[in-house]
Amino acid sequence: GDCSAATDCAASTSTPDPTYNYVQNSGFETGSLNPWEDGNNSVVSENAHSGTYAMQVGSPSGSGAQTIGGLSPNTLYTLTGWVKTSSTSVTAQVGVEDFGGSETYLTSTSTSYIQLSVVFTTGASNTSATIYCDKPLSSGYVYCDDFSVTEGRTVVVNLDGAGSGKIFEGEGVLSGGGGNSRLLIDYP
Numbered sequence: 003g004d005c006s007a008a009t010d011c012a013a014s015t016s017t018p019d020p021t022y023n024y025v026q027n028s029g030f031e032t033g034s035l036n037p038w039e040d041g042n043n044s045v046v047s048e049n050a051h052s053g054t055y056a057m058q059v060g061s062p063s064g065s066g067a068q069t070i071g072g073l074s075p076n077t078l079y080t081l082t083g084w085v086k087t088s089s090t091s092v093t094a095q096v097g098v099e100d101f102g103g104s105e106t107y108l109t110s111t112s113t114s115y116i117q118l119s120v121v122f123t124t125g126a127s128n129t130s131a132t133i134y135c136d137k138p139l140s141s142g143y144v145y146c147d148d149f150s151v152t153e154g155r156t157v158v159v160n161l162d163g164a165g166s167g168k169i170f171e172g173e174g175v176l177s178g179g180g181g182n183s184r185l186l187i188d189y190p
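Quick note on the numbering used here: the sequence shown kicks off at 3 and runs consecutively.
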C-alpha cells in the first residue's frame, strides 16, 4: 500500500487475551479423558469441583497429562487447576514440564477442593508445554478438575479462614496491583 498517509502504514499489534484457555477438555465435561493421557486415571461422575465430571487419579499412583500447543516463545503463562485428595495422607501435584524451563509444580493434601496456580515462562523456541495432575505412590485418590493455561500472570488468593494472619472485619476496597496493593478501609 501507499504509505503517504499515516493511517495507511499504522502498525497493528495484537493484545494477548488473558482469558483464553489453552487446555482442551479442561473440566472433563466430555465424559472422557481425551486429549489427557491415560496414566492410571479415569473420568468419574462424582467428586467434581464444577459441572458433572472430574478426573480421578489413583491407586497406587498415577498421572493425567496433556500437551498444550500454540504457545508463544519467551512468554509468561499461568497454569491453574483444582484438586482434592481422598485423605490427608494423599498428595496431589499440579505442574508443568517440557516448556523450555525447569519442571515446576505445587502440592496439596487438602480433602476439599483447592486451586493450585503455577507460573512458567516458555523457552526461546518453545511453543508447547505438558501440564499434569499427579499422585505419587500411595493409597487413595486425587481428584482434578477445571484446569486452565492462560497467558500472563493470574493471581490466586485462597481465603479459607484457616490461616493465622490479619483479620479484616468491615468494608473496604483494594487499590493498586502487585506489590503496591493496599486495602482502603475508609473508602466512601
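Each residue gets a CB set at the ideal place from its N, CA and C atoms; glycine is no exception.
Q: Reducing DSSP to helix, strand and coil, say where D100 ends up.
A: Secondary structure at D100: coil, using DSSP grouped into helix, strand and coil.
**Q.** Opposing strand residues paired with D2 [DSSP bridges]
**A.** As shown, the chain starts at 3 and ends at 190. That puts residue 2 outside it, with no answer to give.
Q) How should L81 be labelled, buried or exposed, when 16 other C-beta atoms within 10 angstroms of its C-beta is the threshold for buried? A) Buried.
Q | Three-way DSSP call (helix, strand, coil) for T129 in this model | A | Note: T129 maps to coil in three-state DSSP.
Q. Quick one: what's got a C-beta closer than 6 Å to E39's C-beta in the same chain, skipping five residues either side?
A. Answer for E39: A67, listed in chain order.
Q) Roughly how many whole angstroms lie between the Cα atoms of Y22 and V121? A) Distance between the alpha carbons of Y22 and V121 is about 16 Å.
**Q.** Endpoints, the beta strand (DSSP E) within which N249 is located
**A.** Residue 249 is absent from the structure shown; the chain starts at 3 and stops at 190.
Q) Is there at least one non-hydrogen atom of the ligand PLP closer than 8 Å to the beta-carbon of G125? A) Ligands are entirely absent from the displayed structure, and the ligand PLP is therefore not among its contents.
Q: Kindly indicate which three-state DSSP category Y22 falls into: helix, strand or coil?
A: Three-state DSSP puts Y22 in coil, outside helix and strand.
Q.
Judging by CA-CA distance, which residue of T32, Y79, S88 is the nearest neighbour of S140?
A. When C-alpha distances from S140 are compared across T32, Y79, S88, the shortest belongs to S88.
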